[in-house]
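Novice:
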Amino acid sequence: MIGVIAVFVCLSVFNVPNLRAEQDVFPLSPGTYWLYEGMVKWQNESGVKEQQMTWKMEVIEQVERDEFIGYLMKGHPSDLAFYEEGRVPSEYAIIRHGNDFYQTDLNTFQRLKDPADELNDLLFPEDQILKFPLTPGDTFGEPEMLKRGDGFYYWVVQEKRPFLAKITGVVSIASLEEYIITLNTLPDGIIVHFTPGIGITCYEYTHHGTISEVDVSLIEYHAGTH
1 MIGVIAVFVC
11 LSVFNVPNLR
21 AEQDVFPLSP
31 GTYWLYEGMV
41 KWQNESGVKE
51 QQMTWKMEVI
61 EQVERDEFIG
71 YLMKGHPSDL
81 AFYEEGRVPS
91 EYAIIRHGND
101 FYQTDLNTFQ
111 RLKDPADELN
121 DLLFPEDQIL
131 KFPLTPGDTF
141 GEPEMLKRGD
151 GFYYWVVQEK
161 RPFLAKITGV
171 VSIASLEEYI
181 ITLNTLPDGI
191 IVHFTPGIGI
201 TCYEYTHHGT
211 ISEVDVSLIE
221 YHAGTH
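Take 1 as the starting number for the sequence shown in the working numbering and just add one per residue.
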């Protein structure tokens, strides 16, 4: 998953028309954004802090090159882990290759825009964040970690269930399903709820040592232009 950095965004509600969830498994058209809200807990020199926060994730730009589609992103729920005052939203890239999605750095996105770059070693298994179709029991991540077989240090699709949350910007949820995907390590754990056609609908992070907890849910979804 991406690095854990962030800034508190003042609580606000964007006025957008109600839109049905896009048919894309992970809708990433430029202008698309997701607004999350929930509790964040962290530890600093003065003790343990806990605060309700609102956080925005958005698609800034898209570029296509051969079999790759790159998306320039700003903000992610994981930004709120190990929160510190004054942090700004992360900037990163999501790269789609077929039905696989990878979360990478800005340099990877810029490589897609360089016609002289042959795109060798553009993507790596350890950067994969989604693999469609999602099926309970599926795993993905770094090949060496997958050999462990114990559910640690790689992504695991745990379960599928009906998506019941009411989200501003999504009219129909009758046919939607969400998948629970986890990434567990010895020091920490991540739980992602992902709904095809919408995106990340819930994000939880827990560190087992230094106090850092994030539990945010999607409260608003806005589809961008195609």
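No residue lacks a Cβ here, since even glycine has one placed at the ideal position from N, Cα and C.
Let's see if you can read the secondary structure: which residues bound the beta strand (DSSP E) around F101?
Specialist: D100 to T104
Novice: Looking at the unbroken beta strand (DSSP E) that takes in P143, where does it start and where does it end?
Specialist: P143 -> not in any beta strand (DSSP E); alpha helix (DSSP H) instead, spanning P143 to L146.
Novice: In three-state terms, what does DSSP make of R96?
Specialist: strand
Novice: Between the alpha carbons of A21 and Y203, how many angstroms are there, rounded?
Specialist: Note that A21 has pLDDT 41, beneath the 50 cutoff, so the model's placement of it is unreliable and the number below is only indicative. Inter-residue distance for A21 and Y203 is about 19 Å (C-alpha atoms, whole angstroms).
Novice: If we ignore side chains and look at the alpha-carbon of each, how far apart do Q62 and G137 end up?
Specialist: 31 Å
Novice: Is DSSP giving P162 helix, strand or coil here?
Specialist: strand
Novice: Using CA coordinates, which residue listed in S78, G98 and E64 is at the minimum distance from Q110?
Specialist: E64
Novice: With a CB to CB cut of under 6 Å and the five nearest residues on each side skipped, what residues in its chain are close to K49?
Specialist: W42
Novice: Would you report the Cα separation of G209 and G47, rounded to the nearest angstrom?
Specialist: In a straight line, the C-alpha of G209 is about 14 Å away from that of G47.
Novice: Exposed or buried, which one is M39 when buried takes at least 16 other CB atoms within 10 Å?
Specialist: exposed
Novice: Return the chain-ordered list of same chain residues with a C-beta closer than 6 Å to the C-beta of Y221, the five sequence neighbours on each side being excluded.
Specialist: W34, I167, G169, V170 and I198
Novice: Measuring CA to CA, which of L123, L122 and T195 is closest to V157?
Specialist: The shortest Cα separation from V157 among L123, L122 and T195 belongs to T195.
Novice: Considering just the uninterrupted stretch of the beta strand (DSSP E) at Y154, what are its terminal residues?
Specialist: Unbroken run through Y154: none, as it is neither H nor E.
Novice: In this structure, does DSSP put E126 in helix, strand or coil?
Specialist: helix
Novice: Using 8 Å as the threshold, is the C-beta distance between W155 and F132 below it?
Specialist: no
Novice: First and last residue of the beta strand (DSSP E) that includes E118?
Specialist: E118 -> no beta strand (DSSP E), and no H or E assigned at all.
Novice: Given a threshold of 16 other Cβ atoms within 10 Å of its Cβ, counted over all protein chains shown, does K113 qualify as buried or as exposed?
Specialist: exposed
Novice: Should Q51 be labelled buried (16 or more other beta-carbon atoms within 10 Å of its own) or exposed?
Specialist: exposed
Novice: Do you know how far the Cα of T104 is from the Cα of H97?
Specialist: 13 Å
Novice: Can you tell me whether DSSP reads R65 as helix, strand or coil?
Specialist: strand
Novice: Starting from G86, follow the beta strand (DSSP E) in both directions and report where the run begins and ends.
Specialist: Note, G86: premise wrong, no beta strand (DSSP E); not H, not E.
Novice: At which residues does the beta strand (DSSP E) containing S78 begin and terminate?
Specialist: Unbroken run through S78: none, as it is neither H nor E.
Novice: To which residues of the same chain is T185 closer than 7 Å at the C-beta, ignoring the five residues directly before and after it?
Specialist: F152 and Y153
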